[in-house]
Each structure stands twice: as structure tokens, then as C-alpha cells.
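Numbering (the numbering used here), first residue to last: 139 to 611. Ideal Cβ placement from N, Cα and C applies to all residues, glycine included. Take a look at the structure set out below.
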Ligand SMILES: [Zn+2]
């Protein structure tokens, strides 16, 4: 096809207002997971977004089908699929701190703001228009599209991806799959997960001497570096704790609040949260608390020993798992990362979990068994399996096609990258994450003021149209 790039650019640029209007229709729906109902397995919000997206796809001339409320598929034609595009219509809750209304899309400073603008309603609509663009330009040029591109819009990505699991139990994947649910250029590696549970039973008879830790609580979610952690220590007054803990807190850069309670002195540590896949960006309040406790002259007992050993296995700042014996990395996926994210202790038990993102070179032998052995040696019981990483070779023809399109429309060099998180394509052979934000752009997905740069949105639409033509025409 002649002048294909110019024609795609002209077609997409001419639809800017329509694209933004259609994204706004979806942003207006608070598609947060809710109570299941008839035909809406993930609640009213996701179901409403699915109905609206169905309407949008129909308006763009795509062939739509509702798969029992789990996913919506939109096809260009009835041919065999060469490409599946996976995006999602559900969102996480709005949270605090918005400068605009989260469910009213607003264009400001060249960006489209609103919950779901980036994750993942904007990219979904970009894909819809890319499909229409590819079909129209082929038709105008008299070029046959002998293969289909199918857009699969899910409604449960944020709460476990049961939507996609449902779909793939009944349908086979296309030979090529990408998901615009990350950023450009191409993410061909998604690390595996190792998030075991471990616990230590406390013997009440042995827990009598003072000073001693009575209770401890750190972290709220498995995949978030804890910003808060607190413990109550009996047998040491506030002044003594202050003198021992304050210097350590200052050295670690964490906040420290002490309070006298009926049970003992409460030690509260304040750090900074981060996603568990990027623990280096956070300041782990839980590991800091364990280090502060290690500075106290606790009496020798089961709880003191167990907490000291946990502190030694997961020291503050060791986000690569060195002390646990599993620091490793490879050229494909980069380093293993580890975030100690949950720990609870009461009078009967200490129980915790960590969240490790493991590279392609990790296996049961060099990772899971090593951690298990060290925790068992420290007196803990351990359970939990490792889930494998996802990897599509960077030199596959499909990946080359994607990178070529990215380079042509942005002028930037394309490359393959690795991520610690997982997307819809995890486990789908040959699948990669592709777009839709540009590298380095702060889109704030899941946070306040989520946004997508309008210029990037249009670029993504053009890139997708080119890829569809390359694979289907
Ligand atoms: Zn997403």
C-alpha cells in the first residue's frame, strides 16, 4: 500500500475528537469490581462498561459479541484471526487526591485525565479506532484483509483476570497477541511470582521473660511495600526505647512514633509505600521495624529469636533477596526483586509473607527450596508455590513487526523490556505487552490524577493500525 504511514496519520489525527469522546463515555462509568449478578460476573460497574464498549465497537463497524459478561470481543471480519489485542474495561477505585473529577474525563495540559484513561480504557478505544482505520484504508486501496484482528475487552483484569481465563477455556488464542496495558516499546518478559506464607508457633509458656515483643503488625497488601508497621514491647519504658531506636530510625530514614500504652511501649514506624515489583522505590516500614527491634535488649525467648531471624533473612534495604540466598539475575529479565510485605504477630503465632518477582533463570531448585530451607532452619513452617515467568523471544517475527511500527511512528529506538508485574498475556504463548503510554511518562495508573498524553494516544492508535495492516492485510 502506498503512503500508508501518511494515510494512517491523517485518518487518526482527523478522529481525535471522536476518540476522546468515546474514551470519556467509558471513563464516566465507575467499573470497579462489585457483587456478581445475572450476566454480570464482576458486578454492575464492569457490566455497564462492557455494554457501553459494545456500543462503541458497533458504531465503528466491528462485529461484536458478549461472552456471558466476562469479555466482549470485537472482530474486523469473519476470517481466521492473525492477531488478538487484549485490553480491559474494569478499573481500581478512585482513591484520594484527585484535582479533577475521577469519572469525568478532562483534557488539560495536553493530557486526558480520569480513572481508566491510561489503565486501560484509553488504550482500548485506541485499538477500536486502529481496527476501523486498518479496515477502511485497506478497503479504499482495494486490498483484501484475509485475516482477522480480534479485540478482547475484559472486565476483571484488576481482580484476578478470571475473565480472560473464562475466555481461553472456550477459545484458542490467535498466533499473535499483544496487550496495550503497560507502556511502549515492547515488554516481552514478565517475571514469575514467588509469594510464600510462613509462620512460627509461639509457646505461651516460653513467652514470659521481659523485655519482650507482645504484638506486631506490618503491611496491608501482599503486593505493596508497607508504609506503616508497629509493635508493642513490654518491659521497656518509652525513654529506654527512644534512646535505642531513635538513632537506628534516623539512620534508616524512617519516621518513628512512640507511645506508652497499658500493655507496653508502642513503636510505630513510617516508611513509604511502593508497588512490590519495584521495592527499590519504597521505604519498607516493616523491615525497618525489625531492625529497630533488633536494637532492643529483648529477653531470650521464641518470639525474640524468630523476629531476629526474620530480620536477618530480610534485612532493610535488601530488595534483591541477598540475605535469603536467592539474589539472581539474567540478561533477559534483570534481577529478582523481593519485598517483605506482610507480618502479623499475636500471643500465639507469627505469620508473614513476602512478594518476590523472579527472573527467567529462577526455578524451584535455586529459589523456592533455598528460601524454604532457610525459613525452616529459623523455625518457620513455609508453604506456597512459585508461578513461572512469561517470556516471548525478542527476535520473533511478531515482536520485530511491533518494534518496527513503534519506531516508524515515534522516531524512537524500539527495544524489548522486562517487567515485574503481570498482564493479560502472562502464559499466552508469543504474547507481549505493547503500549500504550510512551516510555518514562508518568501516567499514574491506580493513583490520583491518572492520565494519558493525547499525542501519545494518537500515536498508539496509528502504531496499532500499522500492526493490524502488517499482520492481516
Ligand atoms: Zn491494566
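Quick one: does residue i have its CB under 9 Å from some CB of chain E?
| i | result |
| --- | --- |
| residue 609 | Reference to chain E is not applicable here, since this structure consists of a single protein chain. |
CB-CB under 7 Å to residue i, same chain, minus the five flanking residues each way: which ones, in chain order?
| i | result |
| --- | --- |
| residue 332 | 494, 496, 505, 506, 524 |
| residue 176 | none |
| residue 192 | 202, 204, 210 |
| residue 458 | 465, 473, 474, 475, 476 |
| residue 392 | 407, 408, 409, 421, 423, 426 |
| residue 160 | 194, 263 |
| residue 596 | 150, 151, 154 |
| residue 432 | 446, 449 |
| residue 586 | 233, 234, 235, 236 |
Let's test the definition: count the other Cβ atoms within 10 Å of the Cβ of residue i and tell me whether it reaches 16, buried, or not, exposed.
| i | result |
| --- | --- |
| residue 294 | buried |
| residue 315 | buried |
| residue 571 | buried |
| residue 263 | buried |
| residue 235 | exposed |
| residue 296 | buried |
| residue 228 | buried |
| residue 589 | buried |
| residue 614 | In the structure displayed, the chain extends from 139 to 611; residue 614 sits before or after that span and is not available. |
| residue 573 | buried |
| residue 259 | buried |
| residue 354 | buried |
| residue 514 | exposed |
| residue 319 | buried |
| residue 401 | exposed |
| residue 403 | buried |
| residue 429 | buried |
| residue 485 | exposed |
| residue 289 | buried |
| residue 435 | exposed |
| residue 598 | buried |
| residue 233 | exposed |
| residue 254 | buried |
| residue 541 | buried |
| residue 375 | exposed |
| residue 256 | buried |
By Cβ distance below 6 Å, which residues in the same chain neighbour residue i in space, the five residues on each side in sequence not counted?
| i | result |
| --- | --- |
| residue 272 | 603, 606, 607 |
| residue 286 | 213, 214, 215, 217, 219 |
| residue 612 | Missing from the structure shown is residue 612; the chain here goes from 139 to 611 and no further. |
| residue 553 | 323 |
| residue 562 | 224, 302, 317 |
| residue 196 | 202 |
| residue 186 | 167 |
| residue 341 | 440 |
| residue 275 | 145 |
| residue 527 | 329, 330, 498 |
| residue 304 | 208 |
| residue 162 | 243 |
| residue 611 | 276, 281, 283 |
| residue 556 | 327, 471, 472 |
| residue 361 | 414, 493 |
Who are the near neighbours of residue i in its chain, counting only those whose CB is closer than 8 Å to its CB and skipping five residues on each side?
| i | result |
| --- | --- |
| residue 577 | 321, 322, 323, 550 |
| residue 306 | 566 |
| residue 437 | 347, 348, 349, 350, 373 |
| residue 537 | 324, 326, 530, 531, 554, 570 |
| residue 199 | 270, 273 |
| residue 367 | 354, 355, 356, 357, 406, 407, 409, 423, 424, 426, 427, 481 |
| residue 308 | 205 |
Report back the beta-carbon spacing between residue i and residue j to the nearest angstrom; my notes put them in contact at under 8 Å.
| i | j | result |
| --- | --- | --- |
| residue 231 | residue 242 | That belief does not hold up - the Cβ atoms of residue 231 and residue 242 are roughly 16 Å apart, past 8 Å. |
| residue 547 | residue 600 | 5 Å |
| residue 475 | residue 558 | 6 Å |
| residue 480 | residue 491 | 4 Å |
| residue 158 | residue 266 | Wrong, their Cβ atoms sit about 13 Å apart, outside the cutoff. |
| residue 221 | residue 312 | 5 Å |
| residue 592 | residue 245 | 6 Å |
| residue 463 | residue 334 | Not a contact, Cβ separation roughly 14 Å. |
| residue 352 | residue 379 | The pair is not a contact, with the Cβ atoms about 13 Å apart (cut-off 8 Å). |
Please confirm whether any heavy atom of ligand 3 lies closer than 8 Å to the CB of residue i.
| i | result |
| --- | --- |
| residue 418 | In the structure shown, ligand 3 is absent; the only ligands present are ligand 1. |
Next on the checklist: Restricting to runs no shorter than 4 residues, where is the alpha helix (DSSP H) found entirely within the region 149–208?
Outcome noted: 154–165, 182–197
Item to check | Sequence ranges, beta strand (DSSP E) only - wholly within the region 314–388, length at least 3 | outcome: 315–317, 324–328, 330–332, 335–339, 350–356, 366–372
Checklist entry - Taking only runs of the beta strand (DSSP E) that begin and end inside the region 414–475, which ones reach a length of at least 3 residues, in chain order? => result none
Checklist entry - In chain order, which continuous runs of the beta strand (DSSP E) of length 3 or greater are located wholly inside the region 534–564? => result 554–557
Item to check | Cβ contact (3+ pairs, closer than 8 Å) linking the region 401–410 and the region 418–430 | outcome: yes
Item to check | Length-filtered (3 minimum) beta strand (DSSP E) runs lying within the region 208–287 | outcome: 209–213, 219–226, 244–246, 249–251
Checklist entry - Counting pairs of Cβ atoms below 8 Å between the region 430–444 and the region 507–521, do you hit three or more? => result yes
Next on the checklist: Could you check whether the region 413–420 touches the region 377–387, counting it as contact only if at least three pairs of C-beta atoms, one from each stretch, sit closer than 8 Å?
Outcome noted: no
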